[in-house]
Amino acid sequence: MPGESRSPGDSYDNIEPLFEKVAALDSEDPRREALRDELIERCLPLAEHIARRFAGRGEAFDDLLQVARLGLVHATDRFDIDRGSSFLAFAVPTIMGEVRRHFRDNTWAVRVPRRVKEIQLTIGPAVEALAQRLGRIPKAREIAAELEVDLVEVTQALIAGNAYQSSSIDALAGDDNDNALLPLLESLGAEESSYHLVEDFMAVKPLIAELPERERRVLIMRFFESKTQNQIAEYLGVSQMHVSRILSRTLKVLREQALRD
């Protein structure tokens, strides 16, 4: 499995037709294995992206990359194209679950109640099953219903998932500018003033994916691509006032759904 990154033009989006080709071949057909290898090869950037999300938590990146690639192989072999869901929605939680298991199997940095640990062990398979069934990453309440446990316990287990390892602030870490080794304490920046928005984004991310195409596109252009309402209106061929109404209505729906969930 090659280690180099793929070019931006090589995408794992819209990869489902390749799965259809694999499913159409007999299990003994030599072309099946070649297509499987092609599937994995095309999705290597996804595994690398997820591995980087877990970097800096006390584990070597090369180890995390190998674990993420193993998760990718598992996702490729388990994905059922006949269910009609996207591979990406199934692969992401599967790969992330494999990386989290890697951390879990090493050590916990803080004391976690046994009950929370037990639930945490079941979350990965539950998320994988739900993602395949729903075609998207499940919400916490859906995970709780799948496991038949209390939502609070699931939330605690999800939070505990970040408690695997800690690093000493005196440990040496690479500097972004010249790769010089410095104590971690010296490389820490100031507190991010908008850090609280991360929780808000994580809460509404699944809801954004469920929006109608036009509302989702307007929201992305306004808040993720930093386009003005006039620019969006010109792109859509509507008035600026119409864009304003779409944004107001969409934000109200997201707010109500997030609070309800």
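So the sequence shown is residues 1 to 261, counted in the working numbering. Yeah, the Cβ is synthetic: ideal placement off N, Cα and C, and Gly gets one too.
Hey, how far is the Cα of residue i from the Cα of residue j?
i, j, result
"residue 139", "residue 206", "7 Å"
"residue 47", "residue 247", "34 Å"
"residue 100", "residue 81", "25 Å"
"residue 130", "residue 143", "8 Å"
"residue 136", "residue 60", "30 Å"
"residue 250", "residue 235", "18 Å"
"residue 239", "residue 212", "19 Å"
"residue 76", "residue 45", "14 Å"
"residue 69", "residue 93", "13 Å"
"residue 224", "residue 215", "13 Å"
"residue 219", "residue 34", "40 Å"
"residue 16", "residue 255", "33 Å"
"residue 124", "residue 22", "26 Å"
"residue 128", "residue 25", "25 Å"
"residue 241", "residue 154", "42 Å"
"residue 147", "residue 96", "19 Å"
"residue 14", "residue 43", "11 Å"
"residue 122", "residue 37", "29 Å"
"residue 150", "residue 126", "14 Å"
"residue 210", "residue 31", "37 Å"
"residue 57", "residue 83", "36 Å"
"residue 63", "residue 91", "19 Å"
"residue 237", "residue 118", "53 Å"
"residue 89", "residue 114", "30 Å"
"residue 253", "residue 53", "30 Å"
"residue 226", "residue 217", "12 Å"
With H, G and I counted as helix, E and B as strand and the rest as coil, what does DSSP make of residue i?
i, result
"residue 148", "coil"
"residue 234", "helix"
"residue 1", "Because residue 1 carries a pLDDT of 41, less than 50, the predicted location of this residue cannot be relied on, and the following value inherits that uncertainty. Note: residue 1 maps to coil in three-state DSSP."
"residue 138", "coil"
"residue 227", "coil"
"residue 27", "coil"
"residue 210", "coil"
"residue 256", "helix"
"residue 54", "coil"
"residue 15", "coil"
"residue 239", "coil"
"residue 34", "helix"
"residue 47", "helix"
"residue 10", "With a pLDDT of only 45 at residue 10, under the threshold of 50, the placement of this residue in the model should not be trusted, and no figure is reported."
"residue 59", "coil"
Return the Cβ separation of residue i and residue j in integer angstroms, given the expectation that the two are a contact with Cβ distance under 8 Å.
i, j, result
"residue 208", "residue 221", "At roughly 13 Å, the Cβ-Cβ gap does not stay under 8 Å, so residue 208 and residue 221 are not in contact."
"residue 98", "residue 67", "6 Å"
"residue 116", "residue 157", "5 Å"
"residue 50", "residue 73", "Between residue 73 and residue 50 the Cβ distance is about 13 Å, and since that is not below 8 Å, they are no contact."
"residue 85", "residue 132", "6 Å"
"residue 19", "residue 87", "7 Å"
"residue 229", "residue 244", "6 Å"
Examine chain C for any beta-carbon lying closer than 9 Å to the beta-carbon of residue i, and answer yes or no.
i, result
"residue 27", "Here there is only one protein chain, and chain C is not present."
#### Entry: beta strand (DSSP E) segments (min. 3 residues) lying fully within the region 67 to 103
none
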